[in-house]
Amino acid sequence: QKEVEQDPGPLSVPEGAIVSLNCTYSNSAFQYFMWYRQYSRKGPELLMYTYSSGNKEDGRFTAQVDKSSKYISLFIRDSQPSDSATYLCAMGVNNAGNMLTFGGGTRLMVKP
Amino acid sequence: DAGITQSPRHKVTETGTPVTLRCHQTENHRYMYWYRQDPGHGLRLIHYSYGVKDTDKGEVSDGYSVSRSKTEDFLLTLESATSSQTSVYFCATGTGNYGYTFGSGTRLTVV
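Quick note, the sequences are listed as chains E and L, same order. Heads up: take any position in the first sequence, counting from 1, add 20, and you land on the numbering used here. Heads up: take any position in the second sequence, counting from 1, add 56, and you land on the numbering used here.
Written out as structure tokens, the structure is:
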């Protein structure tokens, strides 16, 4: 079993829909939770960063962390065709010498 | 990705030839990483560096070597390229508590 699980999709939604992307994990030591967005033929870029539990909102994007369930989510409101990309979750522990652990990514397609 | 430059962006090489990919950073980060990304496998860590001349293996290091003689440069070498090493290679800098910055990638095809 992988340390971080993420449904690969593809997830296809109509423009304007609310999108929910999720990851589950098994390592209770994770404290830093991130979402990366990767457009086709580009490198991943950091989209959302959350420390410990709770919610964080940035424009149309909301990141949620539920450490008790070992479950994180990224919500996209009013989705746009420009949101079409692969979304990767990533997690880290409280030690600069430790590396991020990535999910496999979910491919999202927002159709006009 | 202004702080990380990968070269070349694209390369086609023949089986059995050595290939070197370069990652250059301007942010003076201590930690640097090489990943490969393949459909169905996500990002897989090849090698990483935690300082000049300090490197270690990742989960898919067989057939690859790295060198870091300066803080800003991290080189990935495929000693004898095989078709299974056809992939997109990403360099990254950063730490697990602050996140990574990725380069734009090198698309390598081994024929």
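Quick reminder that beta carbons are idealized off the backbone N, C-alpha and C, glycines included.
Inspect the beta-carbon positions of residue i and residue j and report whether they are closer than 8 Å.
i, j, result
"Gly98/L", "Phe95/E", "no"
"Arg61/E", "Ala105/E", "no"
"Leu164/L", "Thr142/L", "yes"
"Tyr52/E", "Gly152/L", "yes"
"Leu128/E", "Gly36/E", "no"
"Ser105/L", "Arg124/L", "yes"
"Thr149/L", "His103/L", "no"
"Phe146/L", "Tyr91/L", "yes"
"Leu66/E", "Phe81/E", "no"
"Thr71/L", "Val167/L", "yes"
"Met111/E", "Val24/E", "yes"
"Val108/L", "Thr82/L", "no"
Spell out the partners DSSP gives residue i in its beta bridges.
i, result
"Tyr45/E", "Val24/E"
"Ser72/E", "DSSP lists no partner for Ser72/E."
"Ser105/L", "Met88/L, Thr111/L"
"Arg57/E", "Glu65/E, Tyr107/E"
"Asp86/E", "Tyr91/E"
"Arg97/E", "Paired residue(s): none; Arg97/E is not in a bridge."
Along the chain, where does the beta strand (DSSP E) that runs through residue i open and close?
i, result
"Tyr91/L", "88-94"
"His80/L", "75-81"
"Ile38/E", "Counting along the chain, Ile38/E falls outside any beta strand (DSSP E), and DSSP gives it neither H nor E."
"Arg124/L", "120-126"
"Lys67/L", "66-69"
"Ala137/L", "No beta strand (DSSP E) holds Ala137/L; DSSP gives it neither H nor E."
"Lys113/L", "110-113"
"Met119/E", "No beta strand (DSSP E) holds Met119/E; DSSP gives it neither H nor E."
"Val113/E", "Counting along the chain, Val113/E falls outside any beta strand (DSSP E), and DSSP gives it neither H nor E."
"Val167/L", "That residue, Val167/L, is in no beta strand (DSSP E); it is neither H nor E in DSSP."
Can you round the beta-carbon distance between residue i and residue j to whole angstroms, since I take them to be within the 8 Å contact cut?
i, j, result
"Leu77/L", "Thr162/L", "5 Å"
The region 115-133 of chain L / the region 83-102 of chain E touching (three or more Cβ pairs under 8 Å): no
Segment contact flag, the region 83-90 of chain E with the region 66-73 of chain E, C-beta cutoff 8 Å, min 3 pairs: yes
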